[in-house]
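Protein chains: 2
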Amino acid sequence: MISIEEATRHIAQFAVPRDREAIALADALGHVLAEDVACSLDSPPFDKALVDGYAVRAEDVRSDGPALRVLEEVTAGETPTRGVEPGCAIRIMTGAPIPRGAELVVMVERTETLNADGTQVKLLQTEAKVGEGILPRGKSMREGEVVIPSGQRIRPAEIGLLAELGHAKINVWRKPRVAVLATGNELVPAGEDLRPGQIRNSNGPMLLAYARRCGATPIDLGIGRDEPGDLRARLSTGLESADVLVVSGGVSAGVLDLVPGMLAELGVEKVFHKVQLKPGKPLWFGVAQQAAPPRLVFGLPGNPVSSLVCFELFMRPALERLSGQAAVENRRFTAVLSQAHPHDGGRPTYWPALLSFHGDAWRVEPLPWQGSGDLRTLTKANSLCFFPAGARTYAVGETVEVVKIQ
Amino acid sequence: MISIEEATRHIAQFAVPRDREAIALADALGHVLAEDVACSLDSPPFDKALVDGYAVRAEDVRSDGPALRVLEEVTAGETPTRGVEPGCAIRIMTGAPIPRGAELVVMVERTETLNADGTQVKLLQTEAKVGEGILPRGKSMREGEVVIPSGQRIRPAEIGLLAELGHAKINVWRKPRVAVLATGNELVPAGEDLRPGQIRNSNGPMLLAYARRCGATPIDLGIGRDEPGDLRARLSTGLESADVLVVSGGVSAGVLDLVPGMLAELGVEKVFHKVQLKPGKPLWFGVAQQAAPPRLVFGLPGNPVSSLVCFELFMRPALERLSGQAAVENRRFTAVLSQAHPHDGGRPTYWPALLSFHGDAWRVEPLPWQGSGDLRTLTKANSLCFFPAGARTYAVGETVEVVKIQ
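From first to last, the protein sequence lines stand for chains H and D.
Using the working numbering, the letters of the first sequence correspond one by one to residues 476 to 881.
Using the working numbering, the letters of the second sequence correspond one by one to residues 476 to 881.
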């Protein structure tokens, strides 16, 4: 049995990004950039007005300044046809290019129009700060400069910046494909009635949703039973079509006997089995090395909470790596226990919990939980509270590690 | 000019969920439940083995206990054909139903098989705890009990629980539809070359992505210019097809002159204009009351960062309410400044920042930022750092409010 850290390291070693693909910017949200994006132009591409007002020369802004002659008006999208000469001003709107000769823009609020047709303006501002009201060309970004590095996940701000720079298509890493096979003779799909001894397949839909939630493309392999031909076909489809194959369960002795042998026949080598962890000890991990890059195979425990915890701790970081993300997101921090918690201590334990911020501190409440079959408690949880190996009762107010989930 | 809190209250008043719809569980991730989900059966539906082992009577577990006769083996998905009589045991696998007469399951690790065909077993465990190794019927959930309340957003755990309970279809709130119209004569789409004075439409793609990110259905209304017929048609399409119409920009005087009048003609009443906020002061909000429930109309500032901040502070909570979520998610907490920050203080300010957890505390670093046109800094940010009105320099180590973004 290995530690959580060792298991994480083993998995990370095989979780490398897959193919690049070019996609439309409109479809890019949630993908990871597979190239450094350089600035294709100075931004802004011209000296630009930051406010509505009058573009003027510095020398004309003074306490005894004359009324200025307004030469023209330039709005965003237009270009000035003239320069600003001494004693003159050009009316300018936010976003419009600054005319030649202008050294600052005086805000419209600090001016007074002297005649009905707006051809004469008096400045109420008496001191000139050169550059005021102007965003200089290239101030945000210089042509050629890398503005978003490869490996960054694309959020709304990245979409906005890529659009600003004119990238209608971008190169991203293909999202990892995750195939999920629920196994067990006792399983029936959610829509079917139960016969005695049967339960519904909850892990399959849950893990497919989790994969989607992590930005992966889910592939549903259905339910595997102890029919060798059918089971082998499903495993084989998973290995061919996906980057990650998840086999959930194996509590049914018949299936349990078949899966490991079949995976071996299909070229999957075991990397580890069992982790010092509660819930989730039975985690199995292997790789199919004949494919390049290797396919990852996770055997998740059949109990839904164990399966969810293993997904969160091991599969989510693996999927972030597979999707090309430069750094795995840190979802761990500390919080203060809002109630005492007796910990039996055999194994490092992740306990379903409710995390919230109160005024000045993060508090965490371990929820009443009946063990790895009790998925209901997880629908009330937003985090897992970590208790290391070693039996003791944790007191109210103690600081503990938490992991945000889902 | 109203406060951030007043603006939030005004918007909340009109942000009510829309229609219910029945969807397949496989498509439910990210939707919000529009009904209380009650348990359709006891869970587990039968007394169930928690471990692999032998189902026995308590009286047979003692230090001088006899070898027990193994009557049969039951695996998950099967049902026992016999009860457990005194002096007998039934071999049972995890997940299988407990046979009549059995009072506990002794783990296989605490037993010894006495003969090759497995018909005789000796228990190495000498004390009987009635109920050990058994998850009793209805222990997780009782038939009829509400297990997930209406208004809860569906995450992977909810998918799993709904599958376990056999809900192949569920009633959810329809996701809000958000139509985005970028306005400005200076705007061109990302794929086109720039002529002098032009810039690319970054707000449109960014806001559409933000809407998608918040679980809404985005509708792209393209770019609106000062051509009255075309502009009216786009606004009208937005009001007819969407729950929320977002008009971005209006820095171009021509369009600016047209939009408010057209919105009024189309039945949109102004609720407020301008908020005590930096960036984002020009925020405009109105409603079209002739539709029931009312359509919400946001006029977002043209500068991309102002627009992003307004989306985060005002539109995200509105979209959560529109999507039926019972409680708006709290994305605010406090962190410690990792560097000094001079705040000019005119208005309450949300400043782009990088939030991270270090050992024992959340630290926040306000990023070098050139104002509301500088979207690049937002691609490096994961939060906004809040500085209330009132000029002063915030010192390293001071605790400030932060909002997680994107």
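For glycine and all other residues, C-beta sits at the position ideal for the given N, C-alpha and C.
(request) Kindly list the residues whose CB is nearer than 6 Å to the CB of D:Cys-689, restricted to its own chain and excluding five residues on each side of it in sequence; keep chain order. (result) Excluding sequence neighbours, D:Cys-689 sits near Arg-791, Leu-794.
(request) With 9 Å as the threshold, decide whether the Cβ of D:Thr-483 is near any Cβ in chain H. (result) Chain H, which has no Cβ nearer than 9 Å to the Cβ of D:Thr-483, makes this no.
(request) Taking all protein chains shown into account, decide if D:Gly-906 is buried (16 or more other Cβ within 10 angstroms of its Cβ) or exposed. (result) Residue 906 of chain D falls outside the range modelled here, since chain D spans only 476 to 881, and no answer is possible.
(request) Taking D:Tyr-685 as the query, report the chain H residues whose CB atoms sit under 8 Å from its CB, ordered along the chain. (result) Those within 8 Å of D:Tyr-685 in chain H are Pro-631.
(request) Work out the CA separation of H:Ser-831 and H:Cys-785 for me, nearest whole Å. (result) H:Cys-785 and H:Ser-831 have their C-alpha atoms roughly 23 Å apart.
(request) Would you check whether the ligand GDP has a heavy atom nearer than 8 Å to the C-beta of D:Arg-652? (result) Because no ligand of any kind appears in the structure shown, any question about the ligand GDP cannot be addressed here.
(message) From the DSSP secondary-structure annotation, give me the bridge partner or partners of D:Thr-658.
(response) For D:Thr-658, the pairing in a beta bridge is given by DSSP as D:Gly-699, D:Gly-724.
(request) Take D:Leu-637 as the anchor and find which of D:Pro-651, D:His-485, D:Val-621 has the nearest alpha-carbon. (result) For the options D:Pro-651, D:His-485, D:Val-621, the alpha carbon positioned closest to that of D:Leu-637 is the one of D:Val-621.
(request) Would you mind working out which of H:Glu-587, H:Ala-564, H:Ile-567, H:Arg-700 sits nearest D:Val-550, comparing C-alpha positions? (result) Reading off the sequence shown, one finds Thr at residue 550 of chain D, where the question assumed Val. Nearest of H:Glu-587, H:Ala-564, H:Ile-567, H:Arg-700 to D:Thr-550, Cα basis: H:Arg-700.
(message) To test your reading of the DSSP string, which unbroken beta strand (DSSP E) runs of 3 or more residues are found completely within the segment 797-859 of chain D?
(response) The qualifying runs are 807-812, 816-818, 824-833, 836-841.
(message) According to DSSP, simplified to helix, strand and coil, what is D:Thr-712?
(response) D:Thr-712 sits in a helix when the DSSP states are folded into three classes.
(message) Checking 9 Å against the spacing of the C-beta atoms, do D:Gly-528 and D:Val-581 come in under that value?
(response) Yes, the pair counts as a contact, with Cβ atoms nearer than the cut-off.
(request) Answer with yes or no whether the minimum CB distance from H:Lys-604 to chain D is below 9 Å. (result) No, H:Lys-604 lies away from the interface with chain D (no Cβ there is under 9 Å from its Cβ).
(message) Ignoring anything shorter than 4 residues, give me the alpha helix (DSSP H) runs that lie fully in the segment 625-658 of chain D, in order along the chain.
(response) 631-639, all fully within the segment 625-658 of chain D.
(request) Go ahead and pull the three-state DSSP assignment for H:Leu-546. (result) If DSSP states are grouped into helix, strand and coil, H:Leu-546 belongs with the strands.
(message) By alpha-carbon positions, which one of D:Ala-766, D:Leu-758, D:Phe-789, D:Ala-542 ends up nearest to D:Val-775?
(response) Rather than Val, the amino acid found at residue 775 of chain D in this sequence is Leu. For D:Leu-775, the closest C-alpha among the options D:Ala-766, D:Leu-758, D:Phe-789, D:Ala-542 is that of D:Leu-758.
(request) Run down chain D in chain order and give the residues with a C-beta less than 7 Å from the C-beta of H:Glu-553. (result) Within chain D, the residues near H:Glu-553 are Gly-672.
(message) Would the segment 810-826 of chain D count as touching the segment 874-881 of chain D if we require 3 or more Cβ pairs under 8 Å?
(response) At 8 Å Cβ cutoff, the stretches touch.
(request) Identify whether D:Leu-682 lies in helix, strand or coil by the three-state DSSP scheme. (result) When secondary structure is reduced to three states using DSSP, D:Leu-682 falls in the helix class.
(request) Could you check how far apart the C-beta atoms of D:Val-908 and D:Ala-691 are, in whole angstroms? I think they sit under 8 Å. (result) Nothing about residue 908 of chain D can be read from this structure; chain D reaches only from 476 to 881.
(request) Check whether the Cβ atoms of H:Leu-589 and H:Lys-597 sit closer than 9 Å, and answer yes or no. (result) Yes; because the gap between Cβ atoms is below 9 Å, this pair is in contact.
(request) Residues of the segment 636-653 of chain H with a CB closer than 9 Å to any CB of chain D: list them in chain order, please. (result) Of all residues in the segment 636-653 of chain H, only Leu-636, Leu-637, Ala-638, Glu-639, Leu-640, Gly-641, His-642, Ala-643, Lys-644 place a beta-carbon less than 9 Å from a beta-carbon of chain D.
(message) To the nearest angstrom, how far is the alpha carbon of H:Arg-484 from that of H:Pro-492?
(response) So the alpha carbons of these two residues sit roughly 16 Å apart.
(request) Following the continuous alpha helix (DSSP H) through D:Ala-487, name the residue where it begins and the one where it ends. (result) D:Ala-487 -> alpha helix (DSSP H) spans 479-489.
(request) Over the uninterrupted alpha helix (DSSP H) stretch that includes H:Cys-785, give me the two end residues. (result) Note, H:Cys-785: alpha helix (DSSP H), 779-785.
(request) Tell me whether H:Pro-703 is buried or exposed, calling it buried when 16 or more other Cβ atoms sit within 10 Å of its Cβ. (result) It is exposed - the Cβ of H:Pro-703 has fewer than 16 other Cβ atoms within 10 Å.
(request) Tell me whether D:Leu-508 sits in a helix, a strand or coil according to DSSP, three-state version. (result) Residue state for D:Leu-508 is assigned as strand, using DSSP reduced to three classes.
(message) With H, G and I counted as helix, E and B as strand and the rest as coil, what does DSSP make of H:Ala-717?
(response) Annotated three-state conformation of H:Ala-717 is coil, per DSSP.
(message) So with CB distances below 9 Å, who are the chain D contacts of H:Gln-765?
(response) Going along chain D, no residue has its Cβ under 9 Å from H:Gln-765, so there is no contact; the nearest lies around 31 Å.
(message) Can you find the residues in the same chain that come closer than 6 Å, C-beta to C-beta, to D:Asp-511, ignoring five residues on each side of it along the sequence?
(response) Val-621, Pro-624, Ser-625, listed in sequence order.
(message) So, at 6 Å on beta carbons, what are the nonlocal neighbours of D:Pro-817 in its own chain, with the 5 sequence-adjacent residues on each side left out?
(response) Result list for D:Pro-817: Thr-868, in chain order.
(message) Measuring straight from C-alpha to C-alpha, what distance separates D:Ser-727 and D:Glu-661?
(response) Here D:Ser-727 scores only 48 on pLDDT, less than 50, and its place in the model should not be relied on; the value that follows carries that caveat. Whole-angstrom Cα-Cα distance: 7 Å.
(request) Could you tell me whether any Cβ in chain H is nearer than 9 Å to the Cβ of D:Lys-756? (result) For D:Lys-756, the closest Cβ of chain H is not nearer than 9 Å.
(request) Count the C-beta pairs between the segment 530-542 of chain D and the segment 666-682 of chain D that are closer than 8 Å, then say yes if the count reaches three, no if not. (result) When C-beta atoms of the segment 530-542 of chain D are compared with those of the segment 666-682 of chain D, fewer than three pairs fall below 8 Å, so the two segments do not count as touching.
(request) Report yes or no: is there a C-beta of chain D within less than 9 Å of the C-beta of H:Thr-550? (result) Output row for H:Thr-550: interface = yes.
(request) Taking only the alpha-carbon atoms, compute the straight-line gap between D:Ser-518 and H:Leu-738 and give it to the nearest angstrom. (result) Their Cα atoms are separated by approximately 33 Å.
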